[in-house]
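Residue numbers for the sequence shown follow our numbering, beginning at 45 and rising by one.
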Amino acid sequence: MANKLDIQNTINSNIRSNPSLIDKTEHADVEDLQLINSYGDIVNEVTSTAVICVSNSNFNFNLNFIKQGRNVTIYGVLESTTATLLGFGVNILGFTNSDFSPSELSDWYSSDGNYYIHTIGGSTFLRVNSAFGGNSSKRINFTYPTKN
Numbered sequence: 045m046a047n048k049l050d051i052q053n054t055i056n057s058n059i060r061s062n063p064s065l066i067d068k069t070e071h072a073d074v075e076d077l078q079l080i081n082s083y084g085d086i087v088n089e090v091t092s093t094a095v096i097c098v099s100n101s102n103f104n105f106n107l108n109f110i111k112q113g114r115n116v117t118i119y120g121v122l123e124s125t126t127a128t129l130l131g132f133g134v135n136i137l138g139f140t141n142s143d144f145s146p147s148e149l150s151d152w153y154s155s156d157g158n159y160y161i162h163t164i165g166g167s168t169f170l171r172v173n174s175a176f177g178g179n180s181s182k183r184i185n186f187t188y189p190t191k192n
């Protein structure tokens, strides 16, 4: 996934640094990064192989992430692995990949109100906003803005 900085660096190195010598391949490289940023691939994450986020030990997940520009949509299933009822404010996931990290300007709430994203002490978490039953699963479909 290309972010704004990747695109700007490619423009600067391929076009601005020597505009009279740019060839069609260098121009195509810039255009390719813009397409990647606009039409991102779906990235599947599961608890055991995650690179975008890390799970609280009380949860497993099978999630899909798609980034388009500065918006990310998460959809999939979250599963509680404990018999204990988990309530408001429990961290489900921590974000570890800066390209997918949510904007820290505000808390972001899912449209159904079950989840929100919160930043505290420089770390950003997806949290549960309602009770999450022990040994149960919930679907998630949530879009949020990124910082990159």
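Backbone N, C-alpha and C fix where the C-beta goes; we use that ideal spot for every residue, glycine too.
Buried/exposed call for E89, threshold 16 Cβ in 10 Å
buried
Taking T190 as part of the beta strand (DSSP E), name the residues at either end of that continuous run.
Note, T190: premise wrong, no beta strand (DSSP E); not H, not E.
Kindly give me the distance between the Cβ atoms of T126 and G166, rounded to whole angstroms, as I take these residues to be in contact under 8 Å.
Incorrect: roughly 27 Å between the Cβ atoms, too far for contact.
So, are the CB atoms of E148 and K191 less than 8 Å apart?
Yes, these two residues count as a Cβ contact at 8 Å.
Please state the DSSP three-state secondary structure of N104.
strand
For S18, which of helix, strand or coil comes out of DSSP?
This structure cannot settle anything about residue 18, because the visible part of the chain is limited to 45 through 192.
What does DSSP give as the partner residue(s) for F109 in the beta ladder?
For F109, the beta-bridge partners assigned by DSSP are V87, I118.
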